[in-house]
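Heads up: the structure comes next, in structure tokens.
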Amino acid sequence: MRRTRGIWIGVAAVGIMALAGYGGWRWQLAQNAMVTAAVETVPEVKSPEPEAAEVIAPAPEELAKAEKTPSEPKKKKEERRSMTEGARLGGVLEREGSCVSAEYWVAQGPQSTPPTAREWSEALSVYQEVKAQLAEFLRARSATVGVEKTAKLEKLLREVRLDRPPSAEEPDLAYRGIVIFTRDERGSPLLRMGPGFLKLAQSHTERARFELARAISQVWNPCDPELAGVWGKFSKCMGWDAVSQCESASYSDLAWSVSTWVAQQVAPPGCKVPGLNDAQFQVCSDRLPASTPSTKEAI
Amino acid sequence: MNFPKMKSSPKKQIPALLILLGVTACSSLHEQPALDALSQIKDQAAATPFVEGYFEFVGPHAKWAGPSAWVIHIDAREGEFAKVKAQPPVAPESAPRSPAQAGARPQAPGVTVQAARAQLANLAAMMAPDRRPQSTLSEACLHPIRVRLIRQDGAVLDQIGCRSVTGWESQVSKATGFFMAPHGEG
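Here is the structure:
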């Protein structure tokens, strides 16, 4: 009798414990759900299927590979409307010989069709050409930059990759016509472009090459302490200090001036960039490592 | 098979059971302080929600002729749908595909006020000081992003960062994609 009662008490205890545990667990879930609903749950942005970042090496087989691996039959792809068809140029690209900010806007954004194989291969070949020109730019100036630093700059250049638009990670770019230098989650240098940039490459190739050269050369970060010797004299002459130009989240005129100057040397845009023609820059441009009498004339 | 007999009486079992029950209850409540903190955020968001936001993708100085600045303005103060405006607009005024793309907003349906506020609250939560990365002096900022969020009571949360695939800056890009996208019925 005693034993039976003991067993029943044991069973009841286990039951109560299970109920208490379950109740606590449910309570936590309910709390979490409420908080999530209020703070964290937001409608997901529907993005088109992400494309893997294309690793670009200066080798033609990469280009061929990109063309050979479409995600759908080639015939169907060729028939598709291009995503750049609806792109519209907002403003003018130059005014009285001076370059102006302007880009092709894409109203459909991520809802538009990804670039065709042809569009993408054309963009890749322009990208490869510009990258090769930047490598040549470096080699031609290794005497002034120094062998060690030239090697580092070449290494950085090789690491840059181009991501195929539209980008699922940065959906705002899907509406734009710009190319930007950024870094992926591992910190590797990456170029991302809005689909409108492909339209720029078709209609204003010279300007597109300049923009690509500028974006790629932004991997030569003038705030990198190891590269301080390369851009330091110029930066000092311009009156820029590391704190104002290199602090996190502070806009850097130093980085834009250096990359714009490099792009001007490698792929002139066909118009004058005002910043490269202002008085202070003209005074300091001979402090740039690669500056020579001929490059000064080009500016 | 003979098991050893356990000598115990119900009187002896009751205190042990009470202790066990207490331990179980405590284990389910040990996260109470964290939940309280989140509840506070929830309550604050419900009491004075973020009802307006400006996302600015800052461009370089005009003298570099680089990417132009782009500003998205979200007004979720009243009505059924939030008003979303992009400057410059991505589509000409005469041929709007969605209200935000035209630069103006009278077209419905769009982002509901509730969904817009949830999106702004989510961004604000990501911008919390303890979730921001520490300042570094190693990387030039080429593409700053400026965000201004305004609560219903007028309090402002203003922050500037640098375009990135992590942190709150990446959420700005995603939120822009959300607000700019054409939304279905309801």
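Sequence lines, in order, name chains A and B.
If you use the numbering used here, the first sequence closes out at 309, no skipped numbers anywhere.
If you use the numbering used here, the second sequence closes out at 1093, no skipped numbers anywhere.
Ideal placement from N, C-alpha and C gives every residue a C-beta, glycine not left out.
Next on the checklist: If the cut-off is 7 Å on Cβ atoms, which residues from the segment 197-226 of chain A count as contacting chain B, listed in chain order?
Outcome noted: none
Item to check | Those residues which DSSP pairs with Pro-199 (chain A) across a bridge | outcome: The sequence position of residue 199 (chain A) within the first sequence is 189, counting from 1. By DSSP's assignment, Pro-199 (chain A) forms a beta bridge with A:Arg-193.
Checklist entry - Can you find a C-beta in chain D that's less than 7 Å from the C-beta of Pro-1036 (chain B)? => result Although the question refers to chain D, the structure presented lacks it and instead comprises the protein chains A and B.
Checklist entry - Since Trp-971 (chain B) meets chain A, which of its residues come closer than 7 Å, beta carbon to beta carbon? => result For this step, residue 971 (chain B) is matched to residue 64 along the second sequence. Under the 7 Å cutoff, chain A gives Trp-266, Thr-270, Val-283 and Gly-285.
Checklist entry - If we ignore side chains and look at the alpha-carbon of each, how far apart do Asp-234 (chain A) and Ser-258 (chain A) end up? => result Position 224 of the first sequence, counting from 1, holds the residue named residue 234 (chain A). Position 248 of the first sequence, counting from 1, holds the residue named residue 258 (chain A). The alpha-carbon atoms of Asp-234 (chain A) and Ser-258 (chain A) are separated by roughly 13 Å.
Item to check | Neighbour flag for Glu-88 (chain A) against chain B, beta carbons, 7 Å | outcome: What you label residue 88 (chain A) is simply residue 78 of the first sequence in a count that begins at 1. Note on Glu-88 (chain A): pLDDT 44, under 50, position unreliable in the model; no value is reported.
Item to check | Cys-281 (chain A) beta carbon less than 7 Å from that of Cys-109 (chain A) | outcome: Here residue 109 (chain A) refers to the residue found at position 99 when the first sequence is read from its first residue. Here residue 281 (chain A) refers to the residue found at position 271 when the first sequence is read from its first residue. A contact, by the Cβ cut-off of 7 Å.
Next on the checklist: Which residues does DSSP list as the beta-bridge partners of Trp-115 (chain A)?
Outcome noted: In the first sequence, residue 115 (chain A) corresponds to position 105, counting from 1. Residue pairing by DSSP places Trp-115 (chain A) opposite A:Arg-98 in a beta bridge.
Next on the checklist: For a test of the three-state rule: what should DSSP assign to Trp-250 (chain A), helix, strand or coil?
Outcome noted: Along the first sequence, one-based indexing puts residue 250 (chain A) at 240. The answer is coil: DSSP assigns Trp-250 (chain A) none of H, G, I, E or B.
Checklist entry - If you run the structure through DSSP and keep just helix, strand and coil, what is Thr-1019 (chain B)? => result Here residue 1019 (chain B) refers to the residue found at position 112 of the second sequence. Strand at Thr-1019 (chain B).
Item to check | Cβ pair count under 8 Å reaching 3, the segment 1015-1028 of chain B against the segment 986-999 of chain B | outcome: Yes, since at least three Cβ pairs between the segment 1015-1028 of chain B and the segment 986-999 of chain B fall closer than 8 Å, the two stretches touch.
Checklist entry - What's the C-alpha gap between Ala-127 (chain A) and Gln-1066 (chain B)? => result Residue mapping note: residue 127 (chain A) aligns to position 117 of the first sequence, counting from 1. Residue mapping note: residue 1066 (chain B) aligns to position 159 of the second sequence, counting from 1. Taking the straight line from one Cα to the other gives about 40 Å.
Checklist entry - In or out: Ser-1080 (chain B) buried (at least 16 other Cβ within 10 Å) or exposed? => result The residue given as residue 1080 (chain B) occupies position 173 in the second sequence. By the 10 Å Cβ count, Ser-1080 (chain B) comes out buried.
Item to check | For Glu-146 (chain A), the three-state DSSP class (helix, strand or coil) | outcome: The residue given as residue 146 (chain A) occupies position 136 in the first sequence. Three-state DSSP puts Glu-146 (chain A) in a helix.
Next on the checklist: If you reduce the DSSP assignment to three classes, tell me which class Asp-296 (chain A) lands in.
Outcome noted: As a first step, residue 296 (chain A) is located in the first sequence; it is residue number 286 there, counting from the start. Helix, per DSSP.
Checklist entry - Buried or exposed: Arg-151 (chain A), going by 16 or more other Cβ atoms within 10 Å of its Cβ? => result In the first sequence, counting from the first residue as 1, residue 151 (chain A) sits at position 141. By the 10 Å Cβ count, Arg-151 (chain A) comes out buried.
Checklist entry - Can you name the start and end residues of the alpha helix (DSSP H) that Arg-174 (chain A) belongs to? => result Your numbering for residue 174 (chain A) matches position 164 in the first sequence. It is not in any alpha helix (DSSP H) - Arg-174 (chain A) carries neither H nor E in the DSSP assignment.
Item to check | Residues in the segment 118-146 of chain A having any Cβ partner in chain B nearer than 9 Å | outcome: If the cut-off is 9 Å between Cβ atoms, the segment 118-146 of chain A has Gln-118, Gly-119, Pro-120 and Gln-121 near chain B.
Item to check | Cβ pair Pro-974 (chain B), Ile-188 (chain A) closer than 7 Å | outcome: For the purposes of this step, residue 974 (chain B) is taken as the residue at position 67 of the second sequence. For the purposes of this step, residue 188 (chain A) is taken as the residue at position 178 of the first sequence. Cβ atoms of Pro-974 (chain B) and Ile-188 (chain A): closer than 7 Å.
Item to check | Rounded Cβ spacing between Gly-168 (chain A) and Cys-247 (chain A) (contact assumed at less than 8 Å) | outcome: For this step, residue 168 (chain A) is matched to residue 158 along the first sequence. For this step, residue 247 (chain A) is matched to residue 237 along the first sequence. The sequence as given places Arg at residue 168 (chain A); Gly does not occur at that position. The pair is not a contact, with the Cβ atoms about 30 Å apart (cut-off 8 Å).
Item to check | Three-state class that DSSP yields for Leu-264 (chain A) in the structure shown | outcome: Locating residue 264 (chain A) in the first sequence gives position 254, where the first residue counts as 1. In the structure shown, Leu-264 (chain A) falls within a helical segment according to DSSP collapsed to helix, strand and coil.
Next on the checklist: Output needed for Glu-963 (chain B): all residues of its chain with C-beta closer than 6 Å, excluding positions within five of it in sequence on either side, in chain order.
Outcome noted: As a working mapping, residue 963 (chain B) is identified with position 56 in the second sequence. Correct list, in chain order: Val-978 and Arg-1053.
Next on the checklist: Please tell me whether Pro-199 (chain A) and Val-229 (chain A) are closer than 7 Å, where the distance is taken between their beta carbons.
Outcome noted: Here the question's residue 199 (chain A) lines up with position 189 in the first sequence. Here the question's residue 229 (chain A) lines up with position 219 in the first sequence. Contact: yes.
Checklist entry - So, using beta-carbon positions, are Leu-208 (chain A) and Ala-133 (chain A) closer together than 7 Å? => result Along the first sequence, read from residue 1 onward, the residue named residue 208 (chain A) stands at position 198. Along the first sequence, read from residue 1 onward, the residue named residue 133 (chain A) stands at position 123. Closer than 7 Å, so yes.
Checklist entry - Residues of chain B with CB under 8 Å from Val-276 (chain A), in chain order? => result By 1-based counting over the first sequence, the position of residue 276 (chain A) is 266. Here the premise fails: no neighbours, minimum Cβ distance about 16 Å.
Checklist entry - Just the Cα atoms here: how many angstroms apart are Met-1034 (chain B) and Val-997 (chain B)? => result One-based indexing of the second sequence puts residue 1034 (chain B) at position 127. One-based indexing of the second sequence puts residue 997 (chain B) at position 90. Cα-Cα distance, rounded: 27 Å.
Item to check | Residue closest to Glu-987 (chain B), alpha-carbon to alpha-carbon, out of B:Gly-1084, B:Ala-1031 and B:Ala-1023 | outcome: Counted from its first residue, the second sequence places residue 987 (chain B) at position 80. The shortest Cα separation from Glu-987 (chain B) among B:Gly-1084, B:Ala-1031 and B:Ala-1023 belongs to B:Ala-1023.
Next on the checklist: Please classify Val-965 (chain B) as buried or exposed, where buried requires at least 16 other C-beta atoms within 10 Å of its C-beta.
Outcome noted: Stepping through the second sequence from its first residue, residue 965 (chain B) is reached at position 58. Label assigned to Val-965 (chain B): buried.
Item to check | For Val-991 (chain B): DSSP bridge partner residues | outcome: As a working mapping, residue 991 (chain B) is identified with position 84 in the second sequence. Per DSSP, B:Ile-981.
Next on the checklist: Less than 8 Å between C-beta atoms, sequence neighbours within five positions excluded: which residues of the same chain meet that for Leu-1049 (chain B)?
Outcome noted: Translated into positions along the second sequence, residue 1049 (chain B) becomes position 142. Within the same chain, Leu-1049 (chain B) has close Cβ partners Pro-967, Cys-1069 and Arg-1070.
Item to check | Beta-carbon neighbours of Phe-957 (chain B), restricted to chain A and to distances below 9 Å | outcome: Walking along the second sequence from the start, residue 957 (chain B) turns up at place 50. Within chain A, no residue has its CB atom less than 9 Å from the CB of Phe-957 (chain B), the nearest being about 11 Å off.
Checklist entry - Excluding sequence positions up to five away, which residues of its chain have a Cβ less than 7 Å from the Cβ of Leu-1044 (chain B)? => result Along the second sequence, one-based indexing puts residue 1044 (chain B) at 137. In this prediction, Leu-1044 (chain B) has a pLDDT of 49, which is less than 50 and means its spatial position is unreliable; nothing more can be read from the coordinates.
Next on the checklist: Quick check: is the beta carbon of Val-1063 (chain B) nearer than 7 Å to any beta carbon in chain A?
Outcome noted: Position 156 of the second sequence, counted from the first residue, corresponds to residue 1063 (chain B). Judged by the 7 Å Cβ criterion, Val-1063 (chain B) is not in contact with chain A.
Checklist entry - Cα-Cα, which of A:Arg-224, A:Arg-149, A:Leu-148 and A:Leu-172 is closest to Ala-277 (chain A)? => result The residue labelled residue 277 (chain A) in the question sits at position 267 within the first sequence. Per the Cα distances, A:Arg-224.
Checklist entry - Between Lys-165 (chain A) and Leu-237 (chain A), what straight-line distance do the alpha-carbon atoms span, to the nearest angstrom? => result The count along the first sequence starts at 1 and reaches residue 165 (chain A) at position 155. The count along the first sequence starts at 1 and reaches residue 237 (chain A) at position 227. Between Lys-165 (chain A) and Leu-237 (chain A), the C-alpha separation is close to 13 Å.
Checklist entry - Comparing the C-beta of Gly-239 (chain A) with each C-beta of chain B, is any distance below 7 Å? => result In the first sequence, residue 239 (chain A) corresponds to position 229, counting from 1. False, the Cβ-Cβ gap to chain B never drops below 7 Å.
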